[in-house]
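S.K.: After the structure tokens below, expect a handful of questions from me.
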Amino acid sequence: MITVYGRATSSNVQAVMWGIGELGLDYERLDYGLDFGGIDTPDYLAMNPHGLVPTIRDGDLVLWESCAILRYLAAKYGDGGAFWPADPAARARVDMWAEWGKAHFARDFTGPIFWARVRTAAVARDEAALTLALDRFDGYLGRLEAQLGDSPYVMGADFTLADVVIGHVLFRYYDIDIPRRSRPVIDAYYARLQSRTAFREHVMVSYEVLRAEGAG
Ligand SMILES: N[C@@H](CCC(=O)N[C@@H](CS)C(=O)NCC(=O)O)C(=O)O
Numbered sequence: 012m013i014t015v016y017g018r019a020t021s022s023n024v025q026a027v028m029w030g031i032g033e034l035g036l037d038y039e040r041l042d043y044g045l046d047f048g049g050i051d052t053p054d055y056l057a058m059n060p061h062g063l064v065p066t067i068r069d070g071d072l073v074l075w076e077s078c079a080i081l082r083y084l085a086a087k088y089g090d091g092g093a094f095w096p097a098d099p100a101a102r103a104r105v106d107m108w109a110e111w112g113k114a115h116f117a118r119d120f121t122g123p124i125f126w127a128r129v130r131t132a133a134v135a136r137d138e139a140a141l142t143l144a145l146d147r148f149d150g151y152l153g154r155l156e157a158q159l160g161d162s163p164y165v166m167g168a169d170f171t172l173a174d175v176v177i178g179h180v181l182f183r184y185y186d187i188d189i190p191r192r193s194r195p196v197i198d199a200y201y202a203r204l205q206s207r208t209a210f211r212e213h214v215m216v217s218y219e220v221l222r223a224e225g226a227g
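Here it is, written out as structure tokens:
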């Protein structure tokens with residue numbers, strides 16, 4: 012039984028939970044963070060000195076950082092197949108896209124777009140910065156579209172850890188009120204992700220509690 016500390020509305024918790032769902036693991040998830048609190052206590056900080064979610068406990072092992080957690084779960088409980096391959100070269104290619112997903116795709120959506128649009132009142136919003144962020148993110152979508160091509164998933168025929176790290180961003184991208192350029196390949200990819208039970212259960216989670224007053 013894996014214990015996940017983190018609120019269901021955290022995008023990083025969602026990525027971990029989606030991975031847990033895909034791997035079919037037993038878990039309990041405890042609400043920590045934001046209004047639930049609990050992340051600034053000595054006990055929590057002893058597990059995660061950064062006071063952020065998610066943190067997981069698996070027996071005596073405690074881990075934080077969502078991608079490190081996903082890789083650990085795949086290494087320990089996966090089958091060495093497509094999701095996170097045992098073969099170093101194949102694994103590195105999955106990690107290459109997962110790293111990009113974390114360091115660019117998710118980062119440059121969450122703060123500059125999601126926070127700006129949903130967690131910031133309209134009067135305080137820097138619309139010019141939001142427009143620039145949307146342009147940059149659309150460039151990322153263009154490159155993701157090129158990588159997807161005719162394939163169902165980022166790495167080709169098979170669903171991998173890279174889809175979790177990149178794909179969890181798309182629920183909020185499509186759900187929030189922003190201008191979106193027509194991207195049929197990404198639309199189809201997002202539809203494909205929505206057909207996955209664990210995506211619907213752990214990623215397609217209402218974020219209304221995060222909405223700032225006056226955000227629109
Ligand atoms: N790089 C970390 C980021 C963790 C992070 O920023 N978590 C946010 C939620 S997505 C957090 O803990 N915010 C404070 C809170 O929820 O109270 C990861 O991927 O796990």
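The sequence shown begins at 12 in the numbering used here and counts up one residue at a time. Backbone N, C-alpha and C fix where the C-beta goes; we use that ideal spot for every residue, glycine too.
1. Quick check on V216 - is its C-beta less than 8 Å from some C-beta in chain C?
2. Does ligand 1 have even one heavy atom less than 7 Å from the beta-carbon of P65?
3. With a 10 Å radius around its C-beta and 16 neighbouring C-beta atoms as the bar for buried, classify A109 as buried or exposed.
4. For the stretch 156-169 against the stretch 195-210, are there 3 or more C-beta pairs whose distance is under 8 Å?
5. Is any non-hydrogen atom of ligand 2 found closer than 7 Å to the C-beta of R211, if you look at the structure I gave you?
6. Just to check, is the beta-carbon of G30 closer than 7 Å to a non-hydrogen atom of ligand 1?
7. Does the distance from the CB of S22 to the CB of T121 come in under 8 Å?
8. If you run the structure through DSSP and keep just helix, strand and coil, what is V175?
9. Looking at the unbroken beta strand (DSSP E) that takes in V24, where does it start and where does it end?
10. Restricting to Cα atoms, I'd like to know which of G70, L72 and G48 is closest to V64.
11. Quick one: what's got a C-beta closer than 7 Å to M28's C-beta in the same chain, skipping five residues either side?
12. On a CA-only basis, which of P99, L45, D98 and L181 is nearest R222? Give me that one, please.
13. Under DSSP, the beta strand (DSSP E) around L74 begins and ends at which residues?
14. When we look at the beta-carbon of E33 and count the other beta-carbons within 10 Å, is it buried (16 or more) or exposed?
15. Measure the C-alpha to C-alpha separation of V216 and D98 and round it to an integer number of angstroms.
16. Would you list the one or two residues that DSSP bridges to L41?
17. Excluding the five sequence neighbours on either side, which residues of its own chain have a C-beta within less than 8 Å of the C-beta of S162, listed in chain order?
18. Would you list the one or two residues that DSSP bridges to G153?
19. Does the Cβ of V176 have 16 or more other Cβ atoms within 10 Å, making it buried, or fewer, making it exposed?
20. Could you compute how far the alpha carbon of I50 sits from the alpha carbon of G17?
M.R.: The relevant details are as follows:
1. The chain inventory of the structure shown lacks chain C, comprising one protein chain alone.
2. Taking the first residue of the sequence shown as position 1, residue 65 is located at position 54. Under cutoff, so the answer is yes.
3. As a working note, residue 109 is residue 98 in the sequence shown. Buried, by the Cβ-count rule.
4. yes
5. Among the ligands in the structure shown, ligand 2 does not appear; only ligand 1 can be found there.
6. Mapped onto the sequence shown, residue 30 falls at position 19. Incorrect: G30 has no Cβ contact closer than 7 Å to ligand 1.
7. The sequence position of residue 22 within the sequence shown is 11, counting from 1. The sequence position of residue 121 within the sequence shown is 110, counting from 1. Yes, these two residues count as a Cβ contact at 8 Å.
8. Residue 175 sits at position 164 when you count from the first residue of the sequence shown. Here V175 sits in helix by DSSP.
9. Residue 24 sits at position 13 when you count from the first residue of the sequence shown. Unbroken run through V24 is the alpha helix (DSSP H), S22 to L34; no beta strand (DSSP E).
10. As a first step, residue 64 is located in the sequence shown; it is residue number 53 there, counting from the start. That would be G48, whose Cα lies nearest to the Cα of V64.
11. The residue you call residue 28 lines up with position 17 of the sequence shown. Here the set comprises V15, R40 and H213.
12. Taking the first residue of the sequence shown as position 1, residue 222 is located at position 211. Of the listed residues, the one whose Cα sits closest to R222 is L45.
13. The residue you call residue 74 lines up with position 63 of the sequence shown. Counting along the chain, the beta strand (DSSP E) containing L74 begins and ends at L72 to W75.
14. Here the question's residue 33 lines up with position 22 in the sequence shown. So E33 counts as buried.
15. One-based indexing of the sequence shown puts residue 216 at position 205. One-based indexing of the sequence shown puts residue 98 at position 87. Each residue's Cα considered, the two are about 34 Å apart.
16. Reading the sequence shown from its first residue, position 30 is the one you call residue 41. DSSP output for L41 lists Y16 as bridge partner(s).
17. Here residue 162 is taken as the residue at index 151 of the sequence shown, counted from 1. Leaving aside the five residues that flank S162 on each side, the residues in its chain whose CB is nearer than 8 Å to its CB run, in chain order, A168.
18. Sequence index remark: in the sequence shown, residue 153 carries index 142 (1-based). Note: G153 sits in no beta bridge, so no partner.
19. Taking the first residue of the sequence shown as 1, we reach residue 176 at position 165. Result: buried.
20. Your numbering for residue 50 matches position 39 in the sequence shown. Your numbering for residue 17 matches position 6 in the sequence shown. Going by the C-alpha atoms only, they are around 9 Å apart.
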